[in-house]
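Below you'll find the structure, written out as C-alpha cells, and then a few comments.
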Amino acid sequence: MILLDTNVVSELWRPQPSRTVRSWLDAQDEASLFICTPVLAELHFGADRLPPGRRKEFLNALINQVEVDGFKDRILSFDVAAASVFGRVGARRERSGKRMEPVDAMIAAIALTHGLMLATRDTNDFADLDLDLINPFELPIER
Numbered sequence: 024m025i026l027l028d029t030n031v032v033s034e035l036w037r038p039q040p041s042r043t044v045r046s047w048l049d050a051q052d053e054a055s056l057f058i059c060t061p062v063l064a065e066l067h068f069g070a071d072r073l074p075p076g077r078r079k080e081f082l083n084a085l086i087n088q089v090e091v092d093g094f095k096d097r098i099l100s101f102d103v104a105a106a107s108v109f110g111r112v113g114a115r116r117e118r119s120g121k122r123m124e125p126v127d128a129m130i131a132a133i134a135l136t137h138g139l140m141l142a143t144r145d146t147n148d149f150a151d152l153d154l155d156l157i158n159p160f161e162l163p164i165e166r
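Mapping the sequence shown onto the numbering used here, position 143 (from 1) lands on 166, and the numbers just tick up by one.
Following this line, the structure appears as C-alpha cells:
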C-alpha cells in the first residue's frame, strides 16, 4: 500500500502532467493508493492562495472530487498514533541536523504508523526515517 505525497497528487492537475507519474499511477491498484489529511491541507492551501478565477475553481472542484469520490475511504487522518510517531520523526531529524517541515513530518508519521510506502518527488525530505520511498517522477516509462 502506498501513501501519495502532495506533489504526486497535484502533478496530475498540471496542464501537462508528467507521463512518467501518470504511467506509474495507472499501473497501481487503485485500492492500494492512499492520501492523508496533511496532503489535503496542502492541496486546499495551494488552491485557496490563488486569486479568484477558473484555475482556483477547477482545483477546488478536483479537491472536492478527491474527498468525496476519488479517495473517499482511503484518506488517513493524523491521529494519536501518528502524533506520537511525529514527535520521534521530528526529534530524529533535528538531532541529525536536517530540518523537516512539520507537514512533511506529519505525512511521514502517517506512513510509518500504517506501514505504507511513500510516493514523493522529494525523497531527500524523507530520507533516514526508515520509510520505504518511491519517486514516480524518476521511474522508467514502460512501453
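Cβ atoms here follow ideal geometry from the backbone N, Cα and C, with glycine treated the same way.
From a predicted model like this one, the values you see are computed outputs, not experimental measurements.
| task | Assign Met24 to one of three DSSP states: helix, strand, or coil. | result | coil
| Burial state of Leu56, where buried means 16 or more other Cβ atoms lie within 10 Å | buried
| request: Return the Cβ separation of Asp28 and Leu141 in integer angstroms, given the expectation that the two are a contact with Cβ distance under 8 Å. | output: 6 Å
| Integer-rounded CB distance, given that Leu156 should sit under 8 Å from Thr143 | 7 Å
| said: So, under 8 Å CB-CB, Met7 and Gly110 are touching, yes? Tell me the CB distance rounded to an integer number of Å. | reply: Nothing about residue 7 can be read from this structure; the chain reaches only from 24 to 166.
| task | Measure the alpha-carbon distance for Phe94 versus Ser46 and round it to whole angstroms. | result | 19 Å
| said: Output needed for Ala128: all residues of its chain with C-beta closer than 6 Å, excluding positions within five of it in sequence on either side, in chain order. | reply: Phe109, Val112, Gly113
| said: Here's the rule: buried if 16 or more other CB atoms are within 10 angstroms of the residue's CB, otherwise exposed. What is Val44? | reply: buried
| query | Looking at C-alpha atoms only, which residue of Asn83, Arg116, Ala64, Gly69 is the closest neighbour of Leu99? | reply | Ala64
| task | Give the DSSP bridge partners of Leu56, in chain order. | result | Ile25
| query | Relative to the ligand MG, is the shortest distance from any of its heavy atoms to the C-beta of His137 smaller than 6 Å? | reply | Among the components modelled here there is no ligand, and therefore nothing to report on the ligand MG.
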